[in-house]
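Below is one structure, written out as structure tokens, with a few remarks after it.
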Amino acid sequence: SQKIEQNSEALNIQEGKTATLTCNYTNYSPAYLQWYRQDPGRGPVFLLLIRENEKEKRKERLKVTFDTTLKQSLFHITASQPADSATYLCALWYSSASKIIFGSGTRLSIRP
Amino acid sequence: GAGVSQSPRYKVAKRGQDVALRCDPISGHVSLFWYQQALGQGPEFLTYFQNEAQLDKSGLPSDRFFAERPEGSVSTLKIQRTQQEDSAVYLCASSLRTSGGGTGELFFGEGSRLTVL
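Those protein sequence lines, which keep their order, are chains G and R.
Here the first sequence is numbered in our numbering, starting from 94 and rising by one per residue.
Here the second sequence is numbered in our numbering, starting from 597 and rising by one per residue.
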């Protein structure tokens, strides 16, 4: 079965630095890969989507890369701020399926 | 409403009780998903509806779990004879597009936290 692995350890970053989160998957590549943010006690919120034929996608301070050879996506937050502290989830969708599969998430803390 | 609404936000049940969790998706959204999220884990897929049709229920953990969306709008997740391992946050998400995800972002509710004693 398909497995998704995200940084299991929490990530602590100094404010102003770039935070990089990793999402690795096994088996075949998804058609789309999405990143969500989740704050404690809240539902996930969509951030970015990248297609399998795209290498990179940007939105403001966010950047996502997708390497189907390495079976990996990287999520970058540049000029990080304490308000960026949250859990970030990677999610995969396969065209043959009707469901989106989520990773376990990485907890990011930005210290002032 | 403006977003996905779930109720109740918190539910405490005694082991063996039946519970019903409600989800009001964004108006006009075709796709509706239920996920189960344990503490410190990512959301685990339970079931998917396209309008009133339940197209995928492969994630339902047992036959004690049942979901419906009779008119293609509001959905209810029912858990019969609750067990302690059912304790989790149950998230509902809707999407404008058919076949669930892909280019369609999921809009999540705040979740229903179920605690089974």
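Glycine is no exception: its CB is placed at the ideal position from the N, C-alpha and C atoms.
The model shown is predicted, which means the values in this text are computed figures rather than measured ones.
- As computed with DSSP, Q174 of chain G is found in no beta bridge at all.
- Counting other Cβ atoms within 10 Å of its Cβ, Q632 of chain R reaches 16 or more and is therefore classed as buried.
- H169 of chain G is bridged by DSSP to G:T113 and G:K156.
- Pairing E701 of chain R with R677 of chain R, the inter-Cα distance amounts to about 34 Å.
- Out of R:P604, R:G624 and R:L710, the CA that lies nearest to the CA of A598 of chain R is found in R:G624.
- Y129, Q131, G134, R135, G136, P137, V138 and F139: these are the residues of the region 128-139 of chain G whose beta carbon lies less than 9 Å from some beta carbon of chain R, given in chain order.
- Within chain G, the C-beta atoms nearer than 8 Å to that of Q637 of chain R come from S197 and G198, in chain order.
- With a threshold of 8 Å between beta carbons, G624 of chain R makes no contact with chain G.
- Across the set R:S683, R:L651 and R:V600, the C-alpha of R:L651 shows the shortest separation from the C-alpha of S189 of chain G.
- DSSP places E98 of chain G in the strand class (E or B) of the three-state scheme.
- The alpha-carbon separation between S197 of chain G and V685 of chain R amounts to approximately 14 Å.
- In the structure shown, the three-state DSSP call for D682 of chain R is helix.
- Inclusion of F704 of chain R and S691 of chain R in the CB contact set at 8 Å is not warranted, their separation being larger than that value.
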